[in-house]
Amino acid sequence: MGISRRSFLSTGVALAAGSNIAWAQTGYPSQPVKVVVGFAAGGSTDQVGRIVADGLSARFGKPFIVDNRPGASGNLAAGQVARAPGDGHTLLLTAVGLATTAAFNPSILQAHPINDLAPIALLAYTPNVLLASTRSGFKTVTDVIAGGKKDPNSLSFGHSGYGGGLHLTGEIFSVRSGTRMTHIPYKGVAPMMQDLLAGQVNLGWDNLSTALPFIRSGRVQALAVASKQRAPELPNLPTFGELGYDNMVFGAWFGLSGPKSLPTELAQTIAGHVSAMLSDSAMQKRVTDLGLQILESKSAQDYASYVEADIARWKSVVTSANIKPLS
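Residue numbering for the sequence shown follows numbering that gives the first Met the number 0, starting at 0 and increasing by one per position.
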């Protein structure tokens with residue numbers, strides 16, 4: 000986003016110092032704060048939610064508790080938070096699923112990530128990665144393309160749900176590589192990974208942060224990462240750009256939002272604590288060890304602009320791959 004890390008942190012800390020004066024009199028938070036996560040425990044969104052809850056609990060000295068509310072690519076959780084009181088005691092761990100839904104099938108949105116929620120701060124990002132079962136015999140993307148040409152009906156890829164970022168990434172790669180692949184939707188990454196490990200599906204798409212333990216242990220074969228540069232955690236893993244697919248840069252972003260009625264000063268207070276939390280070296284290590292990158296946002300408007308641009312990008316993917324909502 001063209002914002003320096005120093006600018007982001009100094010702005011956030013200044014906001015925290017100034018707005019805390021106004022909000023100190025309110026005793027916020029006066030009760031445990033729910034950080035609602037729209038996905039089941041164990042996935043990348045849940046990972047980020049727990050990092051944020053731990054960090055803000057320490058910063059505020061009051062409990063911030065993850066509340067997993069999975070369903071509809073995070074839409075159920077978003078709707079719940081949008082309807083909550085704007086007192087800051089119910090927050091949303093916003094994720095890319097809301098952007099893909101807005102691009103793919105906006106009619107099912109229970110809360111638009113910008114129009115119906117109050118952006119507080121961007122948090123983290125993880126690129127998508129193409130994985131192969133160790134039983135598939137695929138060691139490289141070239142192997143996959145060759146296998147698809149040899150037997151056009153042989154390739155299938157698993158993903159975490161129809162219309163989500165992993166599904167759309169898989170479909171656009173099929174189009175750009177000219178390779179026919181059958182998509183197999185799962186109710187989350189965990190069951191997809193189980194079938195990939197067992198060889199029931201030969202390819203799968205996942206976020207790097209959740210796939211990393213399986214890659215490091217050798218239980219799955221990573222083929223390429225959908226990022227501009229190689230992932231520091233896997234320096235030998237090529238990017239799709241290196242393999243000739245320059246426009247294959249896709250991943251999952253995470254942010255913190257509240258109800259639209261959340262007062263601006265309170266949102267700034269929380270955002271300031273988020274930036275201070277992410278400036279801590281121990282927290283940075285915890286984030287990067289999971290294969291996540293810290294995202295930088297200077298303001299709520301910067302966050303909103305980031306999400307709006309992401310929605311537009313996913314709309315382009317949906318159009319290019321001719322993906323239709325389920326009837």
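From the three backbone atoms N, C-alpha and C, an ideal C-beta is built for every residue, glycine too.
Nothing here was measured: the structure is a model prediction, and the numbers come from that model.
Could you check if residue i is buried or exposed, using at least 16 other CB atoms within 10 Å of its CB as the buried criterion?
{"i": "N127", "result": "buried"}
{"i": "G243", "result": "exposed"}
{"i": "L68", "result": "One point to set straight first is that residue 68 is Arg, not Leu, in the sequence displayed. Flag for R68 reads buried."}
{"i": "P212", "result": "exposed"}
{"i": "D288", "result": "exposed"}
{"i": "T263", "result": "exposed"}
{"i": "T89", "result": "buried"}
{"i": "D279", "result": "exposed"}
{"i": "Q228", "result": "exposed"}
{"i": "N321", "result": "exposed"}
{"i": "S159", "result": "buried"}
{"i": "L325", "result": "exposed"}
{"i": "S106", "result": "exposed"}
{"i": "G290", "result": "buried"}
{"i": "D309", "result": "buried"}
{"i": "Q79", "result": "buried"}
{"i": "D66", "result": "buried"}
{"i": "S29", "result": "exposed"}
{"i": "Q24", "result": "With a pLDDT of 41 at Q24, under the threshold of 50, the predicted position of this residue should be treated as unreliable, though the coordinate-derived value follows. By the neighbour-count rule (16 or more Cβ atoms within 10 Å), Q24 is not buried but exposed."}
{"i": "I269", "result": "buried"}
{"i": "K297", "result": "buried"}
{"i": "S216", "result": "exposed"}
{"i": "N114", "result": "exposed"}
Taking Cβ to Cβ, would you say residue i is nearer than 8 Å to residue j?
{"i": "S274", "j": "A101", "result": "no"}
{"i": "V200", "j": "G157", "result": "yes"}
{"i": "R134", "j": "H272", "result": "no"}
{"i": "V36", "j": "K61", "result": "no"}
{"i": "G257", "j": "A117", "result": "yes"}
{"i": "A131", "j": "L222", "result": "yes"}
{"i": "F73", "j": "L97", "result": "According to the sequence displayed, residue 73 carries Gly and not Phe. Contact: yes."}
{"i": "A81", "j": "K259", "result": "yes"}
{"i": "L154", "j": "R179", "result": "yes"}
{"i": "I50", "j": "R285", "result": "yes"}
{"i": "M276", "j": "L55", "result": "yes"}
{"i": "A266", "j": "Y124", "result": "no"}
{"i": "G203", "j": "A39", "result": "no"}
{"i": "T238", "j": "G42", "result": "no"}
{"i": "L261", "j": "G87", "result": "yes"}
Start and end of the beta strand (DSSP E) containing residue i?
{"i": "L129", "result": "L116 to S132"}
{"i": "P258", "result": "G250 to P258"}
{"i": "G157", "result": "S155 to H158"}
{"i": "D309", "result": "No beta strand (DSSP E) contains D309, which is instead part of the alpha helix (DSSP H) from A299 to A320."}
Would you say residue i reaches chain C, if we count a Cβ-Cβ gap shorter than 8 Å as a contact?
{"i": "I64", "result": "Protein chain content of the structure displayed is limited to a single chain, and chain C is not contained in it."}
From the DSSP secondary-structure annotation, give me the bridge partner or partners of residue i.
{"i": "Q220", "result": "A131"}
{"i": "A94", "result": "F253"}
{"i": "H111", "result": "H111 pairs with nothing; no bridge assigned."}
{"i": "H166", "result": "Looking at the DSSP assignment, H166 forms no beta bridge with any residue, so it has no partner."}
{"i": "N67", "result": "V36"}
{"i": "L289", "result": "Answer is none; L289 lacks a bridge partner."}
{"i": "T99", "result": "Its beta-bridge partners do not exist; DSSP assigns none."}
{"i": "T238", "result": "V224"}
{"i": "G203", "result": "L130 and G157"}
Which first and last residues belong to the alpha helix (DSSP H) in which residue i is found?
{"i": "D142", "result": "V140 to K149"}
{"i": "F213", "result": "L207 to R215"}
{"i": "G48", "result": "S43 to F59"}
{"i": "H182", "result": "Unbroken run through H182 is the beta strand (DSSP E), T181 to P184; no alpha helix (DSSP H)."}
{"i": "V273", "result": "T263 to L277"}
{"i": "N104", "result": "Careful: N104 lies outside any alpha helix (DSSP H) and carries neither H nor E."}
{"i": "A76", "result": "N74 to A81"}
{"i": "D86", "result": "Unbroken run through D86: none, as it is neither H nor E."}
{"i": "M247", "result": "Counting along the chain, M247 falls outside any alpha helix (DSSP H), and DSSP gives it neither H nor E."}
{"i": "A189", "result": "V188 to A197"}
Nearer than 7 Å: is that true of the beta carbon of residue i relative to any heavy atom of the ligand ZN?
{"i": "M192", "result": "The ligand ZN is absent from the structure shown, which contains no ligands of any kind."}
* **the region 234-248 contacting the region 100-113, beta-carbon criterion three pairs below 8 Å** => no
Margin query: Can you confirm whether the region 44-55 touches the region 180-193 when touching is taken to mean that 3 or more C-beta pairs between the two stretches lie within less than 8 Å?
Written below: Taking 8 Å as the limit for Cβ pairs, the verdict is that the region 44-55 does not touch the region 180-193.
Report task. For the region 311-321 and the region 159-172, state whether three or more C-beta atom pairs, one from each stretch, are separated by less than 8 Å. Result -> yes
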